[in-house]
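This report refers to the structure that appears directly beneath it.
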Amino acid sequence: MLLDADTEAGGVSFSLEAELYPLEAVQGAAHAFADRARVLLAEEDGVLELTLEPLKPLDEAGLRRLAGEFLNEALSHCLRARQLAENGRLNQFILTTAFHFARRDAADPLQPRAAADDELTVEQRREADRLEREA
1053 MLLDADTEAG
1063 GVSFSLEAEL
1073 YPLEAVQGAA
1083 HAFADRARVL
1093 LAEEDGVLEL
1103 TLEPLKPLDE
1113 AGLRRLAGEF
1123 LNEALSHCLR
1133 ARQLAENGRL
1143 NQFILTTAFH
1153 FARRDAADPL
1163 QPRAAADDEL
1173 TVEQRREADR
1183 LEREA
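Here it is as structure tokens:
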């Protein structure tokens, strides 16, 4: 990452590799920063070019801090996306099971497990069983 604080223009510009910072994560960070800065984004040859223009004037140190906080937010979005990809089926199973049992008929409390159950890995099934026991 190249960080170039341009205090004359009142913004901070830097480049990110799209492979490390997916566009969706950077867009999520830009949305989170909408109340602090205008985010200009361009993509070329796998590189994301960003310029943050703060809504309130900042000195060079403040601009660098703003860029660092933006990068932290983008990393958080990357991590959330990875966790969702890794745990998506388990999350779906938990929600499906919760909705399934919330709808059950009091006269028939022993309904079969939700259909998503067979899509879980052994490790996810163990975690789901543990969560059911704790409930």
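So for the sequence shown, the working numbering puts the first residue at 1053; every next one is plus one.
Where is the CB? At the ideal position from N, CA and C, for every residue including glycine.
Computed from a predicted model, the values in this text were never measured in an experiment.
Identify the continuous alpha helix (DSSP H) that holds residue i and give its terminal residues.
i     : result
R1182 : V1174 to E1186
A1086 : That residue, A1086, is in no alpha helix (DSSP H); it is neither H nor E in DSSP.
Excluding the five sequence neighbours on either side, which residues of its own chain have a C-beta within less than 6 Å of the C-beta of residue i, listed in chain order?
i     : result
C1130 : A1077
Between the alpha carbons of residue i and residue j, how many angstroms are there, rounded?
i     : j     : result
A1113 : A1094 : 24 Å
F1066 : T1103 : 7 Å
A1034 : L1183 : Any question about residue 1034 goes unanswered here, given that the chain covers just 1053 to 1187.
L1092 : Q1135 : 27 Å
E1071 : R1185 : 41 Å
Please work out which residues of its chain come closer than 8 Å, Cβ to Cβ, to residue i, disregarding the five sequence neighbours upstream and downstream, and give them in chain order.
i     : result
L1190 : Since the displayed the chain opens at 1053 and closes at 1187, residue 1190 lies outside it and no answer follows.
From the DSSP output, which residues share a beta bridge with residue i?
i     : result
V1099 : E1069 and E1096
V1078 : DSSP, once it has assigned bridges, lists no residue as partnering V1078.
Of the residues the options, which one's Cα is nearest the Cα of residue i?
i     : options                       : result
A1081 : D1097, L1142, L1123 and G1062 : L1123
V1174 : E1186, L1142 and R1132        : L1142
E1069 : E1125, E1101 and H1152        : E1101
Output needed for residue i: all residues of its chain with C-beta closer than 7 Å, excluding positions within five of it in sequence on either side, in chain order.
i     : result
L1110 : L1118
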